[in-house]
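Report on the structure given below.
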Amino acid sequence: MIAERLRCLRRSRELSQVQLARGLGVGKQSISNWENDNIMPSVEMLERMASFFEVTTDYLLGREEDVAEGLVLVDVTGLSRREIEHIRQLVEDLRGR
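What the sequence shown shows, in the UniProt record's numbering, is residues 1 to 97, in sequence order.
This is the structure we're talking about:
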């Protein structure tokens, strides 16, 4: 579960594995290993990831469905920046009701 959630969170922030590695203070290979479910991050690293992405450790572990109440992650993998921006604008328009 950590692998899927980490990859989704990284992509939702439009970060490369290298950029996330820098943000967490680890090597790119660690990110790759975690995302490919080859190894599990330490408890300390799990806490650091949760802080970095502003989610709970339970969310990363798959013990919670939603990141936070009222917040839903949408996988926009494969969409262009223009398409992603269009989705953001739609959400903002809907909030304006």
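Quick reminder that beta carbons are idealized off the backbone N, C-alpha and C, glycines included. Small disclaimer: the values here were computed from a predicted structure and weren't measured.
Write down the C-beta distance between residue i and residue j rounded to the nearest angstrom, noting that I regard them as a contact closer than 8 Å.
i, j, result
"Ile31", "Leu20", "5 Å"
"Arg11", "Asp75", "7 Å"
"Leu15", "Val55", "Not confirmed; about 14 Å, so no contact."
Assign residue i to one of two classes, buried (16 or more other C-beta atoms within 10 Å of its C-beta) or exposed (fewer than that).
i, result
"Met49", "buried"
"Leu6", "buried"
"Leu94", "exposed"
Could you check the C-alpha separation between residue i and residue j for me, to the nearest Å?
i, j, result
"Thr57", "Ile84", "27 Å"
"Glu44", "Thr77", "29 Å"
"Val18", "Tyr59", "23 Å"
"Arg63", "Phe53", "16 Å"
Query raised in the report: Are the stretch 28-40 and the stretch 76-93 touching by the rule of at least three beta carbon pairs closer than 8 Å?
Result: no
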